[in-house]
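A.B. asks:
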Amino acid sequence: MERHIFGVAEVNQLVKLLLDGEPMLQDVYVRGELSNYKMYPSGHHYFTLKDPEGALRCVMFRGQASRLRFRPENGMKVIAQGRITVFPRDGAYQLYCNALTPEGAGDLAVAFEQLKAKLYAEGLFDPARKKPLPPYPEKIAVITSSAGAAVHDMIRILRRRYPLAKVILLPVRVQGPEAPPEIAGAIRYANKWRVGDVIITGRGGGSIEDLWAFNDERVARAIYNSELPVISAVGHEPDVTIADFVADARASTPSNAAEIAVPDREALGQWLEGAASRLGRSETARLAALRQRLNALAEKRVLRDQMAYVQDKRMELLHVQQRLGDLSAGLVGEKRRRLSVLGASLDAMSPLKVLGRGYAMVRGPGGGVLRTWRDARAGDRVAVTLGEGGLLCTVEESYEKERVACPEKS
């Protein structure tokens with residue numbers, strides 16, 4: 005009997021038929037660790053599931069990958085669901101993955117933590133950039149479902165607490181795949197047209213799936229880019245969403261958001277009454293002080309006798325004038341006495357005084373004063389200044405030693 009020889013493609017096709025015919029392999033769940041995870045521009049995801057004993061090649065096509073709510077990463081423990089078959093061209097079997105779930109935590113919980121870490125790193129949760137809420141808003145934009153109970157609770161509380169504010173509802177879907185773009189679009193619309201002074205966005209309570217629209221990155225970035233302050237009011241008090249971290253203020257419930265957004269009319273009225281009372285007391289005290297000051301001024305002598313001030317100033321002027329005269333006279337007398345002293349000193353030092361006592365001053369032919377016998381020679385004509393008058397003489401002889409009397413002419 006002649007044995008049939010298979011071609012490679014025939015063998016691969018036969019294996020594929022055997023695997024496709026096995027019901028257990030058409031809807032199989034596989035637990036493992038992600039490895040070599042790659043996302044291609046086509047949108048398809050390729051990766052390997054491994055455990056200590058083996059590895060399994062996997063592929064997730066674009067349609068199934070688009071439904072992922074978290075970002076798969078290498079080393080992550082997951083449970084993959086799909087079917088196992090062979091791609092005949094390569095002859096290798098692999099898992100065609102339809103769904104991927106993190107092991108030990110739901111995919112939504114992982115997606116929440118991943119987005120939270122990403123936005124935190126970008127600074128979207130920074131308290132320094134959060135805007136203050138207006139104390140007395142004139143218009144309030146409410147972005148939520150028009151059919152839910154939350155919007156009616158908010159409107160009721162807003163009207164009761166602060167009826168002066170105008171409430172403008174921007175209805176959007178708050179659940180399902182269409183909700184995130186509608187919420188983000190409504191926030192941008194409110195900013196563009198200045199619909200309100202503050203924005204409240206949120207919904208009533210529900211499961212994490214029900215609240216997931218407020219964990220969407222598009223909604224978070226719309227809140228972050230809003231020029232108007234945003235209050236996040238999602239679910240009940242234990243519920244926390246990404247919108248709560250990004251918003252300028254977080255309310256535990258939609259009703260609490262209405263309480264945060266506006267002041268209480270009754271409390272405001274009490275404050276105004278207290279302020280009016282304080283203002284009245286302050287004005288009464290101020291008027292009393294002014295009246296007391298006016299009475300004190302009325303008793304002033306200058307107001308009772310208008311010329312008294314002039315007379316007082318006149319007396320002060322006379323007193324000052326007298327003091328100036330006394331000071332001036334004393335100063336002039338002192339200057340005169342000093343002048344007399346200086347004049348006497350100068351007179352005592354005068355050369356004429358010396359000459360008056362019998363001394364003489366001799367000038368040579370050049371007009372210079374002769375100080376020693378060497379300054380004149382015999383025959384020089386000299387001028388002698390005396391205490392009174394003078395002499396014009398001719399030098400007969402100069403000598404070094406003093407002579408008591410002039411020798412007689414021989």
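So the mapping is simple: the working numbering equals the position in the sequence shown, first residue as 1, plus 4. We treat Cβ as the ideally placed atom computed from N, Cα and C, and that holds for glycine. Please read all numbers here as calculations on a predicted model, not as lab measurements.
By Cβ distance, which residues of its chain are closer than 8 angstroms to Val12, with the 5 residues on each side in sequence left out?
C.D. replies: Gly95
A.B. asks: In terms of alpha-carbon separation, which member of His48, Ala380, Met319, Gly36 lies closest to Gly67?
C.D. replies: His48
A.B. asks: Taking the alpha carbon of Ala382 as the point to measure from, which residue in Ser402, Ala84, Cys397, Glu303 has its own alpha carbon closest?
C.D. replies: Ser402
A.B. asks: Relative to the C-alpha of Val155, which residue among Glu142, Val176, Pro141 is closest?
C.D. replies: Looking only at Glu142, Val176, Pro141, the smallest Cα-Cα distance to Val155 is reached by Val176.
A.B. asks: From Ile88 to Tyr100, what does the alpha carbon distance come to, in whole angstroms?
C.D. replies: 6 angstroms
A.B. asks: Let's test the definition: count the other Cβ atoms within 10 Å of the Cβ of Tyr363 and tell me whether it reaches 16, buried, or not, exposed.
C.D. replies: exposed
A.B. asks: In the structure shown, what three-state DSSP assignment does Ala265 receive?
C.D. replies: helix
A.B. asks: Report the three-state DSSP secondary structure of Gly86 (helix, strand or coil).
C.D. replies: strand
A.B. asks: So, for Gly437: in the same chain, excluding its five sequence neighbours on each side, which residues have a beta-carbon less than 8 angstroms away from its beta-carbon?
C.D. replies: The structure shown does not extend to residue 437, since the chain is modelled only from 5 to 414, so the question has no answer here.
A.B. asks: What are the boundary residues of the alpha helix (DSSP H) that includes Gln253?
C.D. replies: Gln is not the amino acid found at residue 253; the sequence shown has Ala there. Where Ala253 is concerned, there is no enclosing alpha helix (DSSP H), although the beta strand (DSSP E) around it starts and stops at 253 to 255.
A.B. asks: So the candidates are Leu137, Thr148, Leu60, Ser70; which of them puts its Cα closest to the Cα of Glu263?
C.D. replies: Leu137
A.B. asks: Output yes or no for whether 7 angstroms exceeds the beta carbon distance between Lys42 and Tyr33.
C.D. replies: no
A.B. asks: On the three-state DSSP scale, how would you describe Leu137?
C.D. replies: Here Leu137 sits in coil by DSSP.
A.B. asks: Quick check on this structure: which residue in Met80, Pro141, Pro131 has the alpha carbon closest to the alpha carbon of Ala115?
C.D. replies: Met80
A.B. asks: Measuring straight from C-alpha to C-alpha, what distance separates Glu277 and Ser230?
C.D. replies: The alpha-carbon atoms of Glu277 and Ser230 are separated by roughly 37 angstroms.
A.B. asks: Please give the ranges of any beta strand (DSSP E) in the stretch 308 to 380, keeping only runs that are unbroken, at least 3 residues long and fully inside the region.
C.D. replies: 365 to 367
A.B. asks: Should Glu14 be labelled buried (16 or more other beta-carbon atoms within 10 Å of its own) or exposed?
C.D. replies: exposed
A.B. asks: Could you give the distance in angstroms between the alpha-carbon of Gln10 and the alpha-carbon of Tyr97?
C.D. replies: In the sequence as displayed, the identity of residue 10 is Phe instead of Gln. Roughly 19 angstroms separates the two Cα atoms.
A.B. asks: Classify Glu320 as buried or exposed, calling it buried when 16 or more other Cβ atoms lie within 10 Å of its own Cβ.
C.D. replies: Exposed, because fewer than 16 other Cβ atoms sit within 10 Å of the Cβ of Glu320.
A.B. asks: Are the CB atoms of Ala237 and Ile204 within a distance shorter than 7 angstroms?
C.D. replies: yes
A.B. asks: Could you tell me if Asn16 is buried or exposed, where buried requires 16 or more neighbouring beta carbons within 10 angstroms of its beta carbon?
C.D. replies: buried
A.B. asks: Would you check if the distance between the CB atom of Val358 and the CB atom of Val386 is smaller than 7 angstroms?
C.D. replies: no
A.B. asks: Return the Cβ separation of Leu104 and Leu72 in integer angstroms, given the expectation that the two are a contact with Cβ distance under 8 angstroms.
C.D. replies: Between the beta-carbon of Leu104 and that of Leu72 there is about 6 angstroms, and that keeps the pair under the 8 angstroms contact cut.
A.B. asks: When the Cα of Leu390 is compared with those of Pro258, Met311, Arg361, which residue comes out closest?
C.D. replies: Nearest to Leu390 by C-alpha distance, out of Pro258, Met311, Arg361, is Arg361.
A.B. asks: Which residue's Cα is closest to the Cα of Pro131: Val90, Leu29, Arg318, Asp252?
C.D. replies: Asp252
A.B. asks: Which ranges does the alpha helix (DSSP H) cover as unbroken runs of at least 4 residues, wholly within the stretch 35 to 93, from first to last along the chain?
C.D. replies: 66 to 69
A.B. asks: Taking contact to mean at least 3 C-beta pairs separated by less than 8 angstroms, is the stretch 240 to 249 in contact with the stretch 274 to 292?
C.D. replies: no
A.B. asks: Within 8 angstroms, do at least three Cβ pairs link the stretch 135 to 150 to the stretch 160 to 175?
C.D. replies: yes
A.B. asks: From His323 to Leu346, what distance separates their C-alpha atoms?
C.D. replies: 35 angstroms
A.B. asks: With 16 as the cutoff for other CB atoms within 10 Å, does Pro233 come out buried or exposed?
C.D. replies: By the 10 Å Cβ count, Pro233 comes out buried.
A.B. asks: Just tell me which of Ser39, Arg295, Arg93 has its CA closest to the CA of Val82.
C.D. replies: Ser39
A.B. asks: Which runs of the alpha helix (DSSP H) spanning at least 4 residues fall entirely within the stretch 130 to 218, listed in chain order?
C.D. replies: Within the stretch 130 to 218, the complete alpha helix (DSSP H) runs of at least 4 residues are 153 to 165, 183 to 196.
A.B. asks: Could you tell me which of Glu107, Phe65, Gly58 sits nearest to Glu77, measuring between CA atoms?
C.D. replies: That would be Glu107, whose Cα lies nearest to the Cα of Glu77.
A.B. asks: So, at 7 angstroms on beta carbons, what are the nonlocal neighbours of Arg192 in its own chain, with the 5 sequence-adjacent residues on each side left out?
C.D. replies: Ala226
A.B. asks: Roughly how many angstroms separate the alpha carbons of Lys134 and Glu117, rounded to a whole number?
C.D. replies: 22 angstroms
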